[in-house]
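Here the structure comes first, spelled out in structure tokens, and everything after it is commentary.
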Amino acid sequence: MAENLLEVRNLTITPAGAEAPVLHDVSLSLAPGERVGLIGESGSGKSLTAQSVMGLLPEELRAQGTVSLQGFAGNILDAKERTLAKMRSDLVSMVFQEPMSALNPLMRIGDQIAEVLRIHGEVARGDIPGRVLDLLTSVHMPDPNSARYAYPHQMSGGQRQRVMLAIALANSPRLLICDEPTTALDVTVQKHMLDLISERVAAVQAGLLFITHDLAVVAGVCDRVIVMYAGRIVETGSVEQIFTDPQHDYTRGLLASSDLDATDAHGKLFTLKTALSYAGPIDEAGSGEDVASDDEDEQSDGPAVAREPAPASAGEASTGDGSAPLIDVSGVSKHFRSRGLLLRRRSPVRALDDISFSVASGQRLGIVGESGSGKSTLLNILSGLDRPTSGHVRVGDIRVESASSSALRSLREDLQIVFQDPFASLDPRMRVEDIVSEPLIARGIAREERLARVEEMLLAVDLDTKAMRRYPHQFSGGQRQRISIARALVTRPQILVADEPVSALDVSVRSQVLNLLTDLVDDYALTLLFVSHDLGVVKHLCSDVIVMKDGHIVEAGSTEDIYAHPREEYTRSLIAATPSLAGALASAT
Amino acid sequence: MITYVANRAIQFVLALIVASVVVFALMSILPGNAAQVALGTNATPDAVAALEAQYGLDQPPVIRYFNWVVGMLSGDFGTSYVTGAAITPVIVGSVQVTAILVIAAIILAIVIAVPLGTFAALEQRNWIGVTISALSQIGIAVPNFLAAIILVIIFSLTLGWFPSQGWMAPVEGFGGFLIRLVLPVVSLALVQAAILTRYVRSAVLDVMREDYIRTARAKGLTRTKALFVHGLRNAAIPVITVAGVQLATLLVGAVIIEQIFVIPGIGSELVRAVANRDLVTVQGIVMVLVFLVLIINLIVDVLYPIVDPRIRNAS
Amino acid sequence: MSGIPSTTSAVDAPVDRGSRTKLRLNASMIIGAILILLIVALALVSFVWTPYGPSAVDPAARLQSSSPEHPFGTDKFGRDTLTWIMYGARITLMVGIVAVGIAVLIGTPIGIIAAVFAQYPWGAWLSAVIMRANDILLAFPALLLAIVFAAVYQPGTGPAMVAVGIAAIPGFARVARSGTMQVLGSEYVRAAKASNRSAPAIAIVHVLPNIAGMVIVQASVAFAISVLAEAGLSFLGLGTQAPVPSWGRMLQESQQFLSTQPLLALWPGLFIALAVLGFNLLGDGLRDRFDPKMEARGNG
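Take a look at the structure:
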């Protein structure tokens, strides 16, 4: 096995003072120049494995086994910090997940890149500035010359991640490790970053260990995939084999629940439980993958010309029965003025600019946009938590922008919200029964009845009634999101607003929560507003969609239409950038 | 950056104005009659009225406040009702003494605390780190006047290395000045060093957990080197804040040390003025101390953007 | 069928971290609590029993060292030091309780109100004014304020307690404000608002329980500061007046006998240090308990 670039043998990691290891007997290898994806959900141990290779394990963890790297004498796990430091960046480099905190906030970008060249001393001192410029150019940094003098906070997340890649590849290491390098980025930025990583790794002929939770991402970048689950490797194989013929139940489950295009016999998304009947990613006719292919322009342009322009009227397009829409938003703008003392005065930020749309009763509307698109501000205005600068919002027969506090109260009885972060949206110091019954208390419902309804609701979201006496931290992310849904529905609202409800969840839990949401929307005849950055989720769940960018509505219409025939360039790039299993497999094979 | 500093400067001036009103109100209006206080309860009404007329106390408070502020701005803190002497020279002389004491103490505290705190953070799992933490925790609990008494017992009364009290201006003899400075400065600095050590340790521990330290190690720096190159400047921000607060605390806290070592600092003058019921002098000294505390806060505020480009660009 | 047992239990099972809800005790908290209990016990016992009366002078037994009759020795009038230490504990605790009480009761609501007002456009300026006033109050350290009070009124325990309490208000206001801002910005408060809870209900149900920990930690630290301030003031003769026993004045009176009877300085000094240490350690321990992120942060 001497020819392998990386060789991990029987790696077991145990936290100090704990009995049970968090990583069991992990063995893997990587040939020179090979690109391997390490797939797993949170807690699977994929990041620990990567940190062991870098010699960056936290001190409170004890590691056993061997990790050897071509060009490094001995076991990395036993090496001293001084020896490891020489190896890092020279033999193996790493790009981390969080672009916002991975760079020193007090140091200029150019200096941070120059530092890695200086440490290893392979570039002559006088050549360093030129080399820094080359590196910034090689990662396609816009205006690389002035980027050298910028501080990290002056850059976007995508740009910082480019800088990280430039630093990681500065000394042409033999192996590059990427730990979820695109998870914190918007989809369109993610696409560029993934392409860039492939390009640069090929350019310096390095091996790649790519860590991610997203199967679709790994397929586009890697040759081989290693699947981890609960601290163990459960399966290894080529991308094609893993995608088309998974051997292990967990792999199949992960694959099935990642595929938002596939549904089981009952029209539900696959979960780990129902994964057995999953047939693998199929390129269904008319699905988004067509658009991602090269001839997208011909495909989408035709219908776009034929269709009459009907901007910003997603609701009306699908109601058709003539009744007034349940929600009506017209010309809504929201400007934020930054508040400062005395001398500070800045131009207002236009979070929303002239937004109009309507939603019919029983409709499922998806609102899609990347960070900064204004979708959260829109939600706040709809739910009466914030007021628009101008424009009108009507929900039912309530005029939200000018509603009295009693009108707002009755609005909130009809409109409830499920929030994004299952860990932040539940008060850590309250019992589940108190959390779920909170909306009922405000309505003045007696305790007996409250508890009865909480119990009923918890059963409806598949939670045990024993949960009532517990505190939020005693539940997993998926369960917390169920509690959050129970709280939203306990008052039997007409409208449910879901603000990225699954984006913080693991893939296998995501499909369970989405299925639950679908069932409840049917059972309670809800009107659903579903906000997400993930086109795949919206496509599965919603009949109509609004695409937002920079506070504007870019495009609106029925989900099918938009995906099949996007009229706007931005929508097209968004669809093209969204990783899908079938698309990824098609490009990989 | 310029707007930021201008903003802070305006806030400083506003705070100073409000503080002067508060001090004046506390000292000149609440207790009733300063002349009565100065002369004692058995003074005749005539004597009180004469004193009032002499110092303009019969004027309305607004005018008196205005006169006081204008006087201070031109460097005149007025005349003591009790001694009849001008207050300004007393304040100027004693402030210099206290400044020497306090600045020497904070420098000594920083010199002790920064390496010790950094070391305690780096060795946090070893007995050395734990010992430093425990010692600093105990050090915080020792009031500076107790530290002074212990130091006097050991180094003055037992070993005889330093005088147990007294003061000599540097111009009168630099050796004599230094040898009298040691015990007071060390008593002031030890406690502050203990407090600062804990802050430095926790700031360094926080910084060590930052992602950019991991990046620096991934670049090929050792843990220790990564801390020195990237960490310490980041850790400086919270430490500057604490050191500023400490300097302000020391300024007033030095009063007890000045009493113990019989040093003619501003604290000693303040205590003497309080004991003499010399309210005009108390009022002047308090205003000077508040002014210095606010100046220290202003300096700390201006240091932030110099250290941190994010604050520099925010304005 | 290896690897994953049943899916529901493996992936979405209840994670029982019940131990976290229990009061986690740590060494700092235990040692701190023991020291504080010791001082509270001294103060309580002094109401029922002391070895001698506080003013029982014995000219024959002046400036004695430890002996079976006088375990801590005697002072220049032959008064029993242990008795004085026990009485002194009362003053120390009383000053702390009153000063911290003033600061908690005034500072915490100010901080909460400032944070609540900051949410509304019409209240933002008021919030800013409150916090600016707070900053100005910070320019008056406890000792300075107490000296001013002693100058304006008669020096005594009362003005000292009030001055120390007022000087501690900004600390509580800041802690309460930043804690409240954090809670009000959280998603669970958004959820509560979306559930039609009124502002007072949110303050009581969500804000108070979530900032209580921070306020308790601050109270512990403020208690330590007030013990130091009272001792310092009494040392200067501006705090507790004779003949009421106080640790700070005992220390001050011991100064003239440093070369003949250093023990006289040792006892009050030791007890002041133990009291401060106790409250600081308790504060540290509570901080770890309430906020693991703030682990091992120092205090001043």
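So the protein sequences, as listed, match chains A, B and C. The first sequence: position 437 = 1805 (the numbering used here), numbered continuously. The second sequence: position 58 = 63 (the numbering used here), numbered continuously. The third sequence: position 36 = 37 (the numbering used here), numbered continuously. Ideal Cβ placement from N, Cα and C applies to all residues, glycine included.
Check	Outcome
Listed by chain order, chain A residues near S128/C by CB distance under 9 Å	Those do not exist, as S128/C stays about 11 Å from chain A at its closest Cβ, beyond 9 Å.
Any chain C beta carbon closer than 8 Å to F1787/A	yes
DSSP three-state assignment for P1520/A, whether helix, strand or coil	helix
CB contact check: G233/C to chain B, cutoff 8 Å	yes
Nearest residue (CA-CA) to V303/C, options I273/C, A192/C and K194/C	The question about residue 303/C has no answer here: the residues shown for chain C are numbered 2 through 301.
Any non-hydrogen atom of the ligand ZN within 7 Å of L1553/A CB	Looking at this structure, you won't find the ligand ZN or any other ligand, since it has none at all.
CB contact check: Q142/B to chain C, cutoff 8 Å	yes
Beta-carbon neighbours of Y1519/A, restricted to chain E and to distances below 8 Å	Note that chain E does not occur in the displayed structure, where the protein chains are A, B and C.
Inter-residue Cα distance where the pair is S196/C and I1809/A	9 Å
Cβ neighbour criterion (16 or more within 10 Å) applied to S99/B	buried
For T1612/A, the nearest candidate out of G1599/A, R1755/A, L1583/A and A1598/A (CA to CA)	L1583/A
Beta-carbon proximity of P1549/A to Q1465/A, cut-off 8 Å	yes
Complete runs of the alpha helix (DSSP H) confined to the region 103-157 of chain B [at least 4 residues]	132-146 and 149-156
Cβ shell of R216/C (< 8 Å), same chain only, five flanking positions each side left out	Correcting the residue identity first, residue 216/C is Val in this sequence and not Arg. Result list for V216/C: V105, T109, F173, V176, A177 and G180, in chain order.
Alpha-carbon spacing of L1425/A relative to N1883/A, whole angstroms	38 Å
Minimum Cβ-Cβ distance from P148/B to chain C less than 8 Å	yes
Backbone CA spacing between V190/C and A230/C [nearest angstrom]	39 Å
Where V1491/A sits in the DSSP three-state scheme	coil
Through-space distance from I92/B to V293/B, alpha-carbon basis	12 Å
Residue-chain proximity (E1466/A, chain B), Cβ-Cβ < 8 Å	yes
Outcome for H1634/A when other beta-carbon atoms lying within 10 angstroms are tallied against a minimum of 16	exposed
Rounded straight-line distance, which links the Cα of D1912/A to that of I1921/A	13 Å
C-beta neighbour in chain B for P263/C, strict 8 Å	yes
Chain-ordered chain A contacts of H207/C [CB-CB under 9 Å]	D1795, R1797 and M1798
Within chain C, the residues that G258/B reaches when beta carbons sit closer than 7 Å	L144
Residues near V1858/A by beta carbon distance below 8 Å, same chain, minus five either side	V1804, S1805, P1807, L1808, R1821, V1822 and M1825
Chain A contact for N302/B (CB, 8 Å cutoff)	no
Beta-carbon proximity check, L128/C vs A119/C, cutoff 8 Å	The question names Leu, but residue 128/C in the sequence shown is Ser. Yes, the pair counts as a contact, with Cβ atoms nearer than the cut-off.
Straight-line gap, G1708/A to M132/C (C-alpha atoms, nearest Å)	Note that G1708/A scores a pLDDT of 46, beneath 50, so its modelled location is shaky; the value from the coordinates is reported in the next line. Straight-line Cα distance between these residues: approximately 14 Å.
Straight-line Cα distance separating D1393/A from S1420/A	13 Å
Short CB-CB distance (under 8 Å) between I107/C and chain A	no
Residues that S1469/A contacts on chain B, provided the C-beta gap is smaller than 8 Å	E215, D216 and Y217
Under 8 Å between C-beta atoms of A240/B and V209/B	yes
Contact residues within the region 225-254 of chain B, judged by C-beta distance below 7 Å to chain A	G225, L226, T227, R228, H235, R238 and N239
Spatial neighbours of A143/C in its chain, beta-carbon cut-off 6 Å, leaving aside the 5 residues before and after	V165, A168 and A230
N- and C-terminal bounds of the beta strand (DSSP E) containing I268/B	Looking at the DSSP string, I268/B is not in any beta strand (DSSP E), and its letter there is neither H nor E.
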